[in-house]
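Below is one structure, written out as structure tokens; the observations come after it.
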Amino acid sequence: MIPQNLKNLSGSIYTQEDIDEREHIIEIADDLIDKIIGNKPVNELRRDEKVEMIRFMEQKGTFLIRGTIDKVVEKLNIPKVTVYSYMDEIKGRK
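Mapped onto this note's numbering, the consecutive letters of the sequence shown carry residue numbers 1294 to 1387.
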């Protein structure tokens, strides 16, 4: 006999409310990234400025949200490996 809670797993485990909440969280993270980067054109940002932005984002928990690293890569116009390199550098400083 299959327990009742396992029978419920046959459908989607996410409700529309869960999906809406996740999208809202992603929008908040996206907005936070935009505010951290500010109005300065990313091609004018120095390396140390980018590292400081990544440090601030990490302190605020931005990277705990799935997909935010990809958004940072897109907005700062840097390779993903560079973001991870900056994060490693930051962790080495702590």
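Here a beta-carbon is modelled for each residue, glycine too, at the ideal position from N, C-alpha and C.
Computed from a prediction, not measured in an experiment: that's the story for all the values here.
*Does DSSP put R1348 in a helix, in a strand, or in coil?*
helix
*When the Cα atoms are used, what is the spatial distance from P1372 to T1308?*
34 Å
*Residue interval of the alpha helix (DSSP H) (run including V1366)*: 1361-1369
*Tell me which same chain residues have a C-beta within less than 7 Å of the C-beta of P1334, skipping the five on either side of it?*
none
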